[in-house]
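Student: Just so it is clear: in the first sequence, position 7 is 91 by the working numbering, and no numbers are missing.
Every residue gets a Cβ at the ideal spot worked out from N, C-alpha and C, and that includes glycine.
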Amino acid sequence: MNDDIFTFSSDCFNIGQILECGQCFRFDKISDNEYYITAFGKKLLIKQYSKEIMLSPTTNDEFEKLWKHYFDLETDYSKIQEILTANDFVMRDAVEFAPGIRLLNQDTWECLISFIISQNNNISRIKKIIENLCCRFGDESSDGSFSFPSPKILSEAKIKELVQCGTGYRAEYISRAAKKIHNGEIDLEDFKSLSTKELGDSLMKIKGIGRKVADCITLFSFARKDIFPVDVWSKRVMEHFYFNGNEVSINEIHQKAQKLFGCYGGYAQQYLYHYARNFL
DNA sequence: GTCCAGGATCGGA
DNA sequence: TCCGATCATGGA
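Given below as C-alpha cells:
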C-alpha cells in the first residue's frame, strides 16, 4: 500500500469521458484509462480499472476536501440519467454512448479565462494556449507542473506576451478581465451568492464574454446545473433531433432545452454535446 | 487555397 | 432588435 494513493469506487464514472467531453482543458492522456489532470494547483494521476478509480498523489483528507467535490461525487448520476432518459430516446442514446460523464466543479477564475479563450476556437488549440499561459505565467510546483496564472500576473502581462501564447485577438479580453478581478472591481466569490440570472448578466459585462461563454462559466464553475450552453455542436444536435433538422435561433434552443430538461439542462447538454461531436 | 473551431463585438439597417 | 463583417490562429 502506498500512502499517497487514494482509491474509490463509483458507478457513472469514466475518466476518459469526463475529460474528453469538452468541459475542461488541462489534462493529458496516457492511455484510455489513465490521465493526468491539473486543477487547483495540483497535478493528479488518475487510473481507472472498471469501477475502481485511483488518484495519486493525494490523501484521504485532500480527497474529502477537494477531489470529491471536483468530480461531483456527491451527485447521484444514475438518478439523473434515469430522469433524462425516461421519456426521451435521443437522451437514451446520448447517455448510453457516454454514461460515465460527470460535470466537474472547476475553479471560477481558471474557467472564466479558459472559456474566453474558447470562443471561435477548437479544443486542441484551447488546450495548447492554456498550457502556454501556465508555462509562461504560472508558478512551477515541485512535481514540475505549472499553476494557472493568477489575476495579478495576467493583469500585469503585456498584450504582446499574451498574444505570443497564441491567444490572438482574445489577448485584450484576457487582460481586461484580469485587471477587473485583480483591482477588485469584480469579486468572483461575491458572484457565488447571485441568482443565476444576475450571475450571467454580471459575467456578460466583461468584454469578451457573451451568452455562451457566460453559460459555460456558470455551469462548469458556479454549479448552476440547469444551464444549457449553446455552441455550434449543441445547437446542431438540438436542431437535428428536436427541430426536424431545421435551423432555429439560439433563443429557441434555450427554450426547448428548458422545457425538455428543466433543472437537469446542464447534464443533458453535456451528454448531447459529446454525443454530437462523435456522431454528427 | 478554403473551411472550421465550446463566439463576441461592432456598426448599420 | 437583428444581420453581417470582422476578429487571430492552426489543423484538416
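Please report the Cβ distance between H382 and G106, rounded to the nearest whole angstrom; I am assuming they are in contact, meaning their Cβ atoms lie under 8 Å.
Tutor: Outside the shown range of the chain (85 to 364) lies residue 382, about which nothing can therefore be said.
Student: Per the contact definition of three or more C-beta pairs closer than 8 Å, is the segment 267 to 280 in contact with the segment 243 to 252?
Tutor: no
Student: Applying the 10 Å Cβ sphere with the 16-neighbour rule, what's the burial state of F232?
Tutor: What you label residue 232 is simply residue 148 of the first sequence in a count that begins at 1. Counting Cβ neighbours within 10 Å, F232 comes out buried, since at least 16 surround it.
Student: If you scan the segment 87 to 175 from start to end, which runs of the beta strand (DSSP E) of 3 or more residues do you find wholly inside it?
Tutor: 90 to 93, 111 to 115, 118 to 123, 126 to 133, 136 to 140
Student: If you follow the alpha helix (DSSP H) that T192 is in, where does it begin and where does it stop?
Tutor: As a working mapping, residue 192 is identified with position 108 in the first sequence. Per DSSP, T192 belongs to the alpha helix (DSSP H) from 192 to 201.
Student: With burial defined as no fewer than 16 other Cβ atoms inside 10 Å of the residue's Cβ, what is the status of A298: buried or exposed?
Tutor: Along the first sequence, one-based indexing puts residue 298 at 214. With 16 or more other Cβ atoms within 10 Å, it is buried.
Student: Grouping DSSP H, G and I as helix and E and B as strand, with all else coil, what is F306?
Tutor: For the purposes of this step, residue 306 is identified with residue 222 of the first sequence, where counting begins at 1. Coil.
Student: Does the structure place the segment 180 to 191 close enough to the segment 90 to 108 that three or more beta carbon pairs sit under 8 Å?
Tutor: yes
Student: Does DSSP classify E224 as helix, strand or coil?
Tutor: To locate residue 224, count along the first sequence from 1; it is residue 140. It is a strand residue.
Student: Taking buried to mean at least 16 other C-beta atoms within 10 Å of its own C-beta, is F304 buried or exposed?
Tutor: Indexing the first sequence from 1 puts residue 304 at position 220. Buried is the label assigned to F304, since at least 16 other Cβ atoms lie within 10 Å of its Cβ.
Student: One question on the structure: do G252 and K212 come within less than 9 Å of each other, judged by their Cβ atoms?
Tutor: For the purposes of this step, residue 252 is taken as residue 168 along the first sequence, with counting starting at 1. For the purposes of this step, residue 212 is taken as residue 128 along the first sequence, with counting starting at 1. No, the Cβ-Cβ distance between G252 and K212 is not below 9 Å.
Student: Could you name the residues of the same chain whose beta carbon sits closer than 7 Å to that of I365, not counting the 5 residues immediately before and after it, in chain order?
Tutor: Lying before the first or after the last residue shown, residue 365 is absent from the chain, which here runs from 85 to 364.
Student: In this structure, does DSSP put F230 in helix, strand or coil?
Tutor: Walking along the first sequence from the start, residue 230 turns up at place 146. DSSP places F230 in the strand class (E or B) of the three-state scheme.
Student: Can the beta-carbon of G349 be found less than 9 Å from the beta-carbon of I311?
Tutor: Mapped onto the first sequence, residue 349 falls at position 265. Mapped onto the first sequence, residue 311 falls at position 227. Going by C-beta atoms, G349 is nearer than 9 Å to I311.
Student: If you reduce the DSSP assignment to three classes, tell me which class K187 lands in.
Tutor: If you number the first sequence from 1, residue 187 lands on position 103. The residue asked about is misnamed: residue 187 is Leu in this sequence, not Lys. Coil at L187, not helix or strand.
Student: I need the straight-line Cα distance from D88 to K131, nearest angstrom please.
Tutor: Along the first sequence, one-based indexing puts residue 88 at 4. Along the first sequence, one-based indexing puts residue 131 at 47. Rounded to the nearest angstrom, the gap between the Cα atoms of D88 and K131 is 14 Å.
Student: From E118 to G184, what distance separates their C-alpha atoms?
Tutor: For the purposes of this step, residue 118 is taken as residue 34 along the first sequence, with counting starting at 1. For the purposes of this step, residue 184 is taken as residue 100 along the first sequence, with counting starting at 1. G184 has its alpha-carbon roughly 15 Å from the corresponding atom of E118.
Student: Hey, quick one: how far does the alpha helix (DSSP H) through R361 stretch, first residue to last?
Tutor: Taking the first sequence and counting its residues from 1, the one referred to as residue 361 is at position 277. For R361, the enclosing alpha helix (DSSP H) has its first and last residue at 349 to 363.
Student: Restricting to Cα atoms, I'd like to know which of N144, T169, D172, V179 is closest to C96.
Tutor: The count along the first sequence starts at 1 and reaches residue 96 at position 12. Cα-wise, what sits closest to C96 is V179.
Student: Less than 8 Å separating the Cβ of L217 from some heavy atom of the ligand ADP?
Tutor: As presented, the structure is devoid of all ligands, the ligand ADP included, so that no description of it is given.
Student: Does DSSP put C249 in a helix, in a strand, or in coil?
Tutor: Here the question's residue 249 lines up with position 165 in the first sequence. Three-state DSSP puts C249 in coil, outside helix and strand.
Student: In whole angstroms, what is the alpha-carbon distance linking P141 and I102?
Tutor: Numbered from its first residue, the first sequence carries residue 141 at position 57. Numbered from its first residue, the first sequence carries residue 102 at position 18. C-alpha separation (whole angstroms): 20 Å.
Student: Compare the Cα-Cα distances from D315 to each of I334, I167, F92, F181 and report the closest residue.
Tutor: Numbered from 1 along the first sequence, position 231 holds the residue referred to as residue 315. Nearest option by C-alpha distance: I334.
Student: Measuring only the C-alpha atoms, how far is G284 from L196?
Tutor: What you label residue 284 is simply residue 200 of the first sequence in a count that begins at 1. What you label residue 196 is simply residue 112 of the first sequence in a count that begins at 1. Rounded to whole angstroms, G284 and L196 show a C-alpha spacing of 12 Å.
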